[in-house]
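Okay, so the sequence shown: first residue is 1421 according to our numbering, each after it adds one.
Working notes for the structure below.
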Amino acid sequence: MDQKGECGKMSLERRGKVSAETHARGFVLSIDTIAASLVLSLFLITLLQISGTSINGMARESAQSEKMLLLAAASEALVKNRNAATPALGSAHYNAGKMRVESNVLDRSLLEKARPAHTGKYFVSAVFERTEHGRDYFFSSQGKNCISAERFVLIEPGRAKAVIGVVLCEK
């Protein structure tokens, strides 16, 4: 019985040591798991913030590109089309002899009648002629986040060489 009892005691002691070692190992493994989870979580949060920032940047660039394309279209329309109802979107000179509108030749009388022209969320807020003294505005109105483009043109009467500017703003 002593042997069994001693064997029983030894196995209980050994079990206690093994159990204590297992608990210590389990505790260390739990801390390692928590630390790894925290590092992984921080990495994922950082990755999401970076991708969110780049998506916001791309959205802003897309809006700016849209505005620049519309400005290019508006300045192109101004010098290549004739629109008596909305001269800000078309003030090309009509040549009665050739029976057609002349590109890059503007009609001053039509330009002087021009007013702001709305095109969706943007509008042509100003058209000006750049001179050696500054800018002479045909019309001008206030807007926000404005951009402008300039073009070389001829202005009737007299086919005077000029630089015309178009200003596009957000509503």
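All C-beta atoms in this analysis are idealised placements derived from N, C-alpha and C, irrespective of residue type, glycine included.
Subject >> DSSP state of Asn1515 mapped onto helix, strand, coil >> reply: By one-based count along the sequence shown, residue 1515 stands at place 95. Three-state DSSP puts Asn1515 in a strand.
**OP:** Check Lys1500 in the structure and name its three-state DSSP category.
**Re:** Counting from 1 along the sequence shown, the entry for residue 1500 is found at position 80. Judged by DSSP in its simplified three-state form, Lys1500 adopts helix.
Subject >> Local conformation of Arg1550 per DSSP, three classes >> reply: As a first step, residue 1550 is located in the sequence shown; it is residue number 130 there, counting from the start. Three-state DSSP puts Arg1550 in a strand.
Original post:
DSSP puts Ser1560 in a beta bridge; with which residues?
Top reply: Start at 1 with the first residue of the sequence shown, and residue 1560 comes out as number 140. Beta-bridge partners of Ser1560 (DSSP): Ala1546.
Original post:
How is Gly1585 classed by DSSP in three states: helix, strand or coil?
Top reply: Locating residue 1585 in the sequence shown gives position 165, counting from the first residue. Correct three-state label for Gly1585: strand.
Original post:
Beta-carbon of Val1544 versus every beta-carbon of chain D: anything under 7 Å?
Top reply: Absent from the structure is chain D; it holds one protein chain and no more.
**OP:** Using the Cα positions of Lys1487 and Ser1461, report the straight-line distance between them to the nearest angstrom.
**Re:** Here the question's residue 1487 lines up with position 67 in the sequence shown. Here the question's residue 1461 lines up with position 41 in the sequence shown. Lys1487 and Ser1461: Cα-Cα distance of roughly 39 Å.
Original post:
To the nearest angstrom, how far is it from the Cα of Ala1569 to the Cα of Leu1498?
Top reply: Translated into the one-based positions of the sequence shown, residue 1569 becomes position 149. Translated into the one-based positions of the sequence shown, residue 1498 becomes position 78. Approximately 12 Å between the Cα atoms of the pair.
**OP:** Starting from Leu1530, trace the alpha helix (DSSP H) both ways and give me its first and last residue.
**Re:** What you label residue 1530 is simply residue 110 of the sequence shown in a count that begins at 1. Annotation for Leu1530: the continuous alpha helix (DSSP H) segment containing it runs Arg1528 to Leu1531.
Original post:
Quick one: Cα of Glu1576 to Cα of Glu1481, how far?
Top reply: Taking the first residue of the sequence shown as position 1, residue 1576 is located at position 156. Taking the first residue of the sequence shown as position 1, residue 1481 is located at position 61. Each residue's alpha carbon lies about 38 Å from the other.
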